[in-house]
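Beneath this line is the structure, given in structure tokens, with notes to follow.
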Amino acid sequence: MNLTTIFDEIERVDPEIYDRVDARRSVINRFARVGSRLAAAAVPVALGGLFNKAYGQKLPTDVLEVLNFALTLEHLESRFYQTAVGTPGLLPAKDKINVIRDHEVEHVKFLQQAITSAGGTAVAEGKYDYTAKGLFPAVFSDYKQFLQVAQAFEDTGVGAYKGQASALKSSNELLTYALRIHSVEARHAAHIRFIRMMNGYAKVKPWIVGDDNTKGTPLERIYQRESDHRQVLINIEDIGGYNIGDAATSSFDEPLHKDEVLEIVKPFLA
Amino acid sequence: MIPPSPHTPPRPEPGTAPPQPESVLRRSFLKFSGLGIAGVALASAGCRIQKDKETDSVNVGKHDLAVLNYAYALEQLEGAFYEKVASGFYAGATAMEKDLLTDIRNDEIAHREWFREVLALKKVPKLQFDFSSINFTDRRSVLTTARTFEDIGVSAYNGAGQLLALSPFLNHAGKIVSVEARHAATIRNLLNFGSFADSDVVDANGLDVVRTPPQVMALADKYFVTKVTVDDLPTH
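Taken in sequence, the protein lines are chains E and B. Residues in the first sequence are numbered consecutively from 0, following numbering that gives the first Met the number 0. Residues in the second sequence are numbered consecutively from 0, following numbering that gives the first Met the number 0.
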């Protein structure tokens with residue numbers, strides 16, 4: 000496979016592609032500088048104004064849908080951690096699960112503001128069954144089981160945001176906010192995995208190795224692409240002649256599409 | 000009152016050209032969405048990225064090529080660092096630490112070599128690094144440097160996303176940045192358990208750090224013997 004000339008080819012097939020992308024972005028970003036000067040908490044409000052001006056009315060429906068999809072997941076996570084932190088005797092203080100709780104609550108608030116200030120309607124919090132219809136009956140009494148579910152939510156969140164990145168390309172601001180949430184979710188995922196690894200609760204690493212032995216389990220959908228060791232047709236196994244072992248799969252996290260994510264979280268909806 | 004995030008990249012003056020119809024843009028994107036399926040056939044070799052022998056610096060090129068070369072330069076830095084770390088671990092390294100640091104080294108090699116293959120003849124050359132400020136026999140020196148590199152890496156990818164014009168490249172940058180964030184959280188936990196997402200990297204809105212290429216290169220500059228010029232990178 001010769002990828003020598005991807006860049007030559009792009010310019011040959013469509014010499015003006017970058018001009019076109021630039022032209023579209025320049026309109027969207029005309030008001031972006033205003034946003035960057037505002038206090039962080041007020042940014043979503045500025046976003047609303049930005050979109051009103053750029054589009055003549057409000058955020059395009061597909062972008063609003065992406066934000067509400069993200070909010071749906073953040074609601075699920077936020078209530079999960081709030082419940083756990085409020086359950087006496089479940090969480091060892093040293094593991095700092097409260098830090099994750101705080102971030103998820105902040106993500107909910109941030110997305111709600113972004114959506115409503117842009118003229119959309121923020122999706123309401125749902126009713127949840129964190130036992131997943133009895134699959135994890137001790138989720139709020141057995142710390143190990145709690146961590147198992149927490150890892151599932153965090154890894155799903157990472158895949159979900161990743162899957163929406165290109166849908167947010169029309170707005171530099173929103174794309175960047177989403178990326179900044181995305182990497183925080185990945186930090187959470189690594190921490191939950193670290194706790195499980197350190198205590199010998201499960202054979203996991205802070206990163207995803209293949210399907211993490213979830214094949215045939217209810218969680219396998221989360222890791223359905225993670226065994227792939229090809230990235231743009233380049234085989235990562237022994238890449239460049241290096242023996243990199245498990246990094247053939249762990250070095251790239253994979254996206255999850257919206258319908259896949261909704262299917263994954265479905266058992267947790269009451 | 001929450002202060003403004005210090006990490007929000009500055010914005011350039013916007014242009015005035017009108018937007019193209021969405022359909023045109025979508026068509027042109029579709030032409031390249033085959034990137035992940037069929038690859039792009041070889042045509043001409045194109046011009047190579049050359050090192051300026053006078054100044055010992057490289058310029059990363061333009062557009063998405065430049066952004067990917069910028070990422071490639073950072074992956075070269077991380078790769079070289081962890082290769083040195085894993086070639087002789089610091090005193091007192093535990094089995095778990097050796098295992099995790101070896102995994103991270105392998106991830107960074109995978110990233111570096113992947114960019115090398117994607118960029119092919121358009122890549123910046125192999126860069127030389129100056130690690131003289133790091134004491135590789137000392138745990139604290141190694142891990143604090145690792146934390147710096149990983150947190151910078153996360154912020155760099157978070158800032159580079161909006162600079163990429165083409166979706167396939169954005170998607171792959173997304174696949175890499177979350178792995179860098181996993182590394183960052185892990186190194187932080189090794190240094191100080193529970194500091195995986197402390198307030199020095201996650202702000203009051205629950206958002207991670209974002210940096211522009213010049214902000215990143217200013218922080219990483221002291222490690223680069225071969226200087227990487229990011230002046231021609233897109234700024235929006």
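The beta-carbon is built from N, C-alpha and C at its ideal position, and this holds for glycine as well.
Verify the CB distance criterion: does residue i have a CB-CB separation below 8 Å to chain E?
i	result
B:R115	yes
B:L218	no
B:L169	yes
B:G91	no
B:S177	yes
B:K50	no
B:G76	The identity of residue 76 of chain B in the sequence shown is Leu, whereas the question assumes Gly. It does not: the Cβ of B:L76 has no partner Cβ on chain E nearer than 8 Å.
B:N157	yes
B:D207	yes
B:S166	yes
B:N188	yes
B:T185	yes
B:Q127	no
What are the partner residues of residue i, as DSSP defines its beta bridges?
i	result
B:F195	For B:F195, which the question treats as bridged, DSSP gives no partner whatsoever.
B:T228	B:N58
B:D98	Partner(s): none; B:D98 has no beta bridge.
B:F128	B:F223
E:D245	According to DSSP, E:D245 bridges with nothing at all.
B:D207	B:V201
Count the other CB atoms within 10 Å of the CB of residue i; is the residue buried (16 or more) or exposed (fewer)?
i	result
E:P91	exposed
E:D252	buried
E:M197	exposed
E:V183	buried
B:E53	exposed
E:N171	buried
B:M95	exposed
B:S56	exposed
B:C46	Legend: pLDDT at B:C46 = 47, less than 50; position of this residue unreliable, value from coordinates given subsequently. Exposed: under 16 other Cβ atoms inside 10 Å.
E:G34	Bear in mind that a pLDDT of 39 at E:G34, under 50, signals an unreliable position, so the model cannot answer this.
B:S131	exposed
E:G88	exposed
B:R25	Only weak support is given to the placement of B:R25: the predicted model assigns it a pLDDT of 33, under 50, and the value that follows is read from those uncertain coordinates. Under this definition B:R25 is an exposed residue.
B:E179	buried
E:D258	exposed
Counting only beta-carbon separations shorter than 8 Å, does residue i have a partner in chain B?
i	result
E:R183	Residue identity differs from the one stated: residue 183 of chain E is Val in this sequence, not Arg. Yes, E:V183 lies at the interface with chain B (some Cβ there is under 8 Å from its Cβ).
E:Y17	yes
E:D245	yes
E:L218	no
E:T175	yes
E:V62	no
E:Y241	yes
E:L178	yes
E:P205	yes
E:F145	no
E:V231	yes
E:G48	Because the pLDDT at E:G48 is just 48, under 50, the model does not fix this residue reliably, and the value given afterwards should be weighed accordingly. E:G48 does not count as touching chain B.
E:S77	no
In three-state terms, what does DSSP make of residue i?
i	result
B:L41	Note on B:L41: pLDDT 25, under 50, position unreliable in the model; the coordinate value appears next. Here B:L41 sits in coil by DSSP.
E:Q230	strand
B:D51	strand
B:D202	coil
B:D137	coil
E:L90	coil
E:Y268	The question names Tyr, yet the displayed sequence has Leu at residue 268 of chain E. If DSSP states are grouped into helix, strand and coil, E:L268 belongs with the strands.
B:D63	helix
E:Y129	coil
B:D150	helix
E:D258	helix
E:S170	coil
B:I186	helix
B:K83	helix
E:I96	helix
B:T234	coil
B:T93	coil
E:Q81	helix
B:K122	coil
E:E225	coil
E:W206	coil
B:T155	Before going further, note that residue 155 of chain B is Ala rather than Thr in the sequence given. DSSP places B:A155 in helix when its eight states are reduced to three.
E:N212	coil
E:L63	helix
B:F88	coil
Between the region 99 to 124 of chain B and chain D, which residues of the former have CB atoms less than 9 Å from a CB of the latter, in chain order? No chain D is present in this structure, whose protein chains are E and B.
Sequence ranges, alpha helix (DSSP H) only - wholly within the region 142 to 203 of chain E, length at least 4: Taking 4 residues as the minimum length, the alpha helix (DSSP H) runs contained wholly in the region 142 to 203 of chain E are 142 to 163, 171 to 197, in order along the chain.
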